[in-house]
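Below is one structure, written out as structure tokens, with a few remarks after it.
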Amino acid sequence: MIAYRLLLLLKFIGVIVYGGGLIGSFASTALADRKRAVHAIASPGLVVTWFAGYLLTTQLQIPLTEFWILGGILLSLASQLALVYSVSRDRRTVTAFAAAAFPLCLVLLLMVFRPTWSELRS
Numbered sequence: 027m028i029a030y031r032l033l034l035l036l037k038f039i040g041v042i043v044y045g046g047g048l049i050g051s052f053a054s055t056a057l058a059d060r061k062r063a064v065h066a067i068a069s070p071g072l073v074v075t076w077f078a079g080y081l082l083t084t085q086l087q088i089p090l091t092e093f094w095i096l097g098g099i100l101l102s103l104a105s106q107l108a109l110v111y112s113v114s115r116d117r118r119t120v121t122a123f124a125a126a127a128f129p130l131c132l133v134l135l136l137m138v139f140r141p142t143w144s145e146l147r148s
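Here the numbering used here is used: the first residue of the sequence shown is 27, the next is one more, and so on.
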């Protein structure tokens with residue numbers, strides 16, 4: 027049980043780091059700082075989140091093909107791609123921020139409510 031709690035904590039830390047990188051990439055005014063926020067903070071945070079999430083699924087014996095897991099992976103990837111795109115094109119617009127932040131919010135909803143394929147069929 028302690029391993030589960032530690033992995034959950036690690037995943038939570040990864041999400042916070044990713045969110046901090048997301049905010050930093052839009053709050054910073056210098057392009058170099060924005061790139062650093064994406065590549066040195068948000069990207070490693072996402073890797074930690076994915077790694078801890080994978081270890082949690084193996085510990086709980088949950089298949090990676092569950093709706094909430096696949097949705098989380100795809101939406102977090104979409105958020106990361108939006109971040110990288112906004113920094114590579116030097117765009118700090120509300121639309122660019124929403125394109126990165128909205129998928130992250132959806133991932134958090136999926137992780138909390140954990141909808142499964144069987145729940146979606148009924």
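The C-beta atom is built at its ideal place from N, Cα and C for all residues, glycine as well. Since the model is a prediction, treat every value here as computed from it, not as a measurement.
query                                                                                                                                             : result
Which runs of the alpha helix (DSSP H) at least 4 residues long sit entirely within the region 46-97? Give them in chain order.                   : 57-62, 69-86
Check this for me: beta carbons of VAL74 and LEU36, under 8 Å apart or not?                                                                       : yes
Could you spell out the range, first to last residue, of the alpha helix (DSSP H) harbouring MET141?                                              : The residue you asked about is not Met; residue 141 is Pro in the sequence shown. Unbroken run through PRO141: none, as it is neither H nor E.
Kindly indicate which residue of ALA63, ILE67, ILE28, ARG62 has the alpha-carbon position closest to the one of ILE39.                            : ILE67
Strictly under 8 Å for the Cβ-Cβ distance: is LEU32 near chain D by that measure?                                                                 : This model lacks chain D altogether, as it is built from one protein chain only.
Which same chain residues end up closer than 6 Å to ASP116 when comparing Cβ atoms and leaving out the 5 residues on each side of it in sequence? : LEU57
May I ask you to verify whether the region 71-88 touches the region 122-132, counting CB pairs closer than 8 Å and requiring at least 3?          : no
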